[in-house]
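*Asks:*
Number of protein chains: 2
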Amino acid sequence: MANLADQIEAYLVSLFESGDVYELEVQRVEIARFFACAPSQVTYVLATRFTPERGYLVYSRRGGGGFVRITRLAAQTQFLADMLEATGHPLTQTQAASYLDWMRREGLCSAREGDIVRAMIDRETLSLPLPGRDQVRSRLLRAACLVLLAGTVRNGGPEGPVGSDPEG
Amino acid sequence: MANLADQIEAYLVSLFESGDVYELEVQRVEIARFFACAPSQVTYVLATRFTPERGYLVYSRRGGGGFVRITRLAAQTQFLADMLEATGHPLTQTQAASYLDWMRREGLCSAREGDIVRAMIDRETLSLPLPGRDQVRSRLLRAACLVLLAGTVRNGGPEGPVGSDPEG
DNA sequence: TATAATGAAGGTCAAAGAACGTCAAGGCAA
DNA sequence: TTGCCTTGACGTTCTTTGACCTTCATTATA
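Sequence order for the protein chains is B and Y. All residue numbers for the first sequence refer to the numbering used here, where the first residue is 2 and numbers rise by one. All residue numbers for the second sequence refer to the numbering used here, where the first residue is 2 and numbers rise by one.
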């Protein structure tokens with residue numbers, strides 16, 4: 002178990018625990034320097050270890066002042082894991098709605114938050130042909146759930162991504 | 002927040018907030034001197050952060066006695082009309098996110114609600130080819146806005162403590 | 001009085017720099 | 001020999017700067 006990826010993972014986890022925080026902001030190149038490895042190695046660790054299924058969210062920003070932010074998701078229950086698993090597959094409007102109902106009952110989201118997501122995954126709103134529609138819906142629900150589970154994800158305002166967006 | 006652009010943005014926003022004003026008049030060269038940077042850096046910040054989509058208007062005048070005036074637009078007036086107009090045509094991720102920034106600042110949605118919608122309209126989440134992606138995004142934002150605005154009318158202040166309102 | 005010169009703003013744009021991401025190819029271990 | 005690791009070349013995004021341009025008010029000049 003002496004491989005680098007595991008060491009880097011352990012190091013990052015230790016930062017979470019020693020600091021007792023739910024959010025970490027590091028620089029990829031710093032970690033790479035610390036472990037004397039290629040920066041892309043850090044990306045690899047983030048991609049394989051710090052996944053939503055394992056309870057983490059990763060957000061990064063390029064350019065000067067760039068960084069990598071790792072957020073630890075709130076409580077991990079079996080149902081949440083199942084739901085994240087479910088959002089990996091196409092979902093009908095009814096299925097998606099029932100997940101939202103559940104989250105609402107569990108206090109994981111407010112009624113209004115549920116309404117927002119519900120409106121956005123509505124078939125009329127999506128207005129896409131059917132094989133793809135359910136796939137897009139599941140991705141949307143997943144994205145929403147990740148934010149809900151993150152507790153407080155800072156992603157906008159002065160800290161958020163900014164600038165021209167030719168790609169849309 | 003290691004980069005200059007973010008610092009300058011934060012500084013300008015703080016001027017708005019500490020003064021509790023909707024209009025600011027500064028000199029580009031003064032800001033540049035204060036931050037010990039090139040004046041064009043200030044122009045860059047204005048161009049990327051203080052955009053109409055984010056609810057700001059910038060007017061400037063050259064020559065002796067020149068200045069830069071930043072106006073913070075209030076949401077209530079033309080906001081709904083503009084937003085619905087905007088959501089009638091394709092929207093890039095940056096444009097959409099900027100509208101969300103604005104709504105949050107104006108108290109039309111909470112930070113978490115903004116994050117949810119932002120995550121759902123992300124290009125990675127949508128994962129659709131480009132001509133259509135921006136169209137779907139605009140429908141999604143529109144759907145979300147309609148819920149947000151309806152909620153505003155119903156209960157007045159949406160800007161509650163983030164994530165602590167499971168009944169709301 | 002008109003006009004020209006001057007200096008004081010801010011604007012534009014392209015290039016360089018600073019991060020992070022992607023991907024394919026090779027390495028290594030069970 | 002299959003499936004992770006690891007690396008490095010190359011790509012994208014965002015920032016920062018500096019050289020050069022335009023606009024405006026003021027002052028000097030014909």
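By construction, the Cβ of each residue, glycine as well, lies at the ideal position given by its N, Cα and C atoms. Computed from a predicted structure; not experimentally measured.
Within 10 angstroms of its Cβ, does Y/G115 collect 16 or more other Cβ (buried), or is it exposed?
*Replies:* With 16 or more Cβ atoms within 10 Å of its Cβ, Y/G115 is classed as buried.
*Asks:* Can you tell which of Y/F51, Y/R62, Y/R105, Y/R73 has the C-alpha that lies nearest to the C-alpha of Y/V1?
*Replies:* Nothing can be reported for residue 1 of chain Y, as the shown portion of chain Y is limited to 2 through 169.
*Asks:* Determine the burial state of Y/Y60: buried for a count of at least 16 other Cβ atoms within 10 Å of its Cβ, exposed for fewer.
*Replies:* It is exposed - the Cβ of Y/Y60 has fewer than 16 other Cβ atoms within 10 Å.
*Asks:* Any beta-carbon of chain B closer than 8 Å to the one on Y/I32?
*Replies:* Not an interface residue.
*Asks:* Between Y/T78 and chain B, is the shortest Cβ-Cβ distance under 8 Å, so that the two count as touching?
*Replies:* Low confidence applies to Y/T78: its pLDDT is 47, below 50, so where it sits in the model is not reliable enough to give any reading.
*Asks:* Using 8 Å as the limit for Cβ to Cβ distance, is Y/R73 near chain B?
*Replies:* For Y/R73, the answer is no, since every Cβ of chain B falls outside 8 Å of its Cβ.
*Asks:* Quick one: what's got a C-beta closer than 8 Å to B/S139's C-beta in the same chain, skipping five residues either side?
*Replies:* Closer than 8 Å at Cβ, skipping near neighbours: A87, T88, G89, H90, P91, L92, A97.
*Asks:* Name the residue from B/L150, B/I117, B/R143 whose alpha carbon lies nearest to the alpha carbon of Y/L147.
*Replies:* That would be B/I117, whose Cα lies nearest to the Cα of Y/L147.
*Asks:* With H, G and I counted as helix, E and B as strand and the rest as coil, what does DSSP make of Y/I71?
*Replies:* Note: Y/I71 maps to strand in three-state DSSP.
*Asks:* For Y/R134 and B/L127, I'd like the C-alpha separation in whole angstroms.
*Replies:* Cα to Cα, the separation comes out at about 11 Å.
*Asks:* Answer with yes or no whether the minimum CB distance from Y/I9 to chain B is below 8 Å.
*Replies:* False, the Cβ-Cβ gap to chain B never drops below 8 Å.
*Asks:* Residues in its own chain within less than 6 Å of Y/G20 by CB, not counting five upstream and five downstream?
*Replies:* Same-chain partners within the cutoff: there are none.
*Asks:* Quick check: is the beta carbon of B/V69 nearer than 8 Å to any beta carbon in chain Y?
*Replies:* By this cut-off, B/V69 is not an interface position.
*Asks:* B/V46 lies in the alpha helix (DSSP H); which residues open and close that run?
*Replies:* Where B/V46 is concerned, the enclosing alpha helix (DSSP H) stretches over 40 to 50.
*Asks:* Cβ of B/T126 less than 8 Å from any chain Y Cβ?
*Replies:* Chain Y, which has a Cβ nearer than 8 Å to the Cβ of B/T126, makes this yes.
*Asks:* Check whether the Cβ atoms of Y/A48 and Y/P40 sit closer than 8 Å, and answer yes or no.
*Replies:* It is not a contact, given that the beta carbons lie outside the stated cut-off.
*Asks:* Give a yes or no on whether 8 Å exceeds the smallest Cβ distance from B/D102 to chain Y.
*Replies:* It does not: the Cβ of B/D102 has no partner Cβ on chain Y nearer than 8 Å.
*Asks:* Could you run through the stretch 13 to 38 of chain Y and flag, in chain order, every residue whose CB is less than 8 Å away from some CB of chain B?
*Replies:* Listed in sequence order: V14.
*Asks:* If you draw a straight line from the C-alpha of Y/R113 to the C-alpha of B/L149, how long is it?
*Replies:* C-alpha separation (whole angstroms): 8 Å.
*Asks:* Interface residues of chain B around Y/L147 at Cβ under 8 Å?
*Replies:* By Cβ distance, chain B contributes A120.
*Asks:* To the nearest angstrom, report how far apart Y/A6 and Y/A37 are at their CA atoms.
*Replies:* Each residue's Cα considered, the two are about 12 Å apart.
*Asks:* For Y/L58, list the residues DSSP reports as bridge partners.
*Replies:* Answer is Y/T72, bridged to Y/L58.
*Asks:* Classify B/T72 as buried or exposed, calling it buried when 16 or more other Cβ atoms lie within 10 Å of its own Cβ.
*Replies:* Buried, by the Cβ-count rule.
*Asks:* So that I know if they touch, is there some Cβ in chain B lying closer than 8 Å to that of Y/L141?
*Replies:* By this cut-off, Y/L141 is an interface position.
*Asks:* So is B/F51 buried or exposed if we call it buried at 16+ other beta carbons inside 10 Å?
*Replies:* Classification of B/F51: buried, given that the 10 Å Cβ count is 16 or more.
*Asks:* For Y/E26, which beta-bridge partners are listed by DSSP?
*Replies:* Paired residues: Y/R70.
*Asks:* Contact criterion: CB-CB distance below 8 Å. Does B/E54 meet it with respect to chain Y?
*Replies:* For B/E54, the answer is no, since every Cβ of chain Y falls outside 8 Å of its Cβ.
*Asks:* Going by Cα to Cα distance, which pick from Y/E107, Y/P130, Y/V46, Y/T95 is closest to Y/L142?
*Replies:* Residue Y/T95 is the option with its Cα nearest to Y/L142.
*Asks:* Using a C-beta to C-beta distance shorter than 8 Å, which residues of chain B count as neighbours of Y/E114?
*Replies:* Result: R113, E114, I117.
*Asks:* Compare the Cα-Cα distances from Y/I9 to each of Y/V27, Y/E54, Y/D102 and report the closest residue.
*Replies:* The residue with the shortest Cα to Cα distance from Y/I9 is Y/V27.
*Asks:* From the DSSP output, in three-state form, read off B/G64 for me.
*Replies:* Three-state DSSP puts B/G64 in coil, outside helix and strand.
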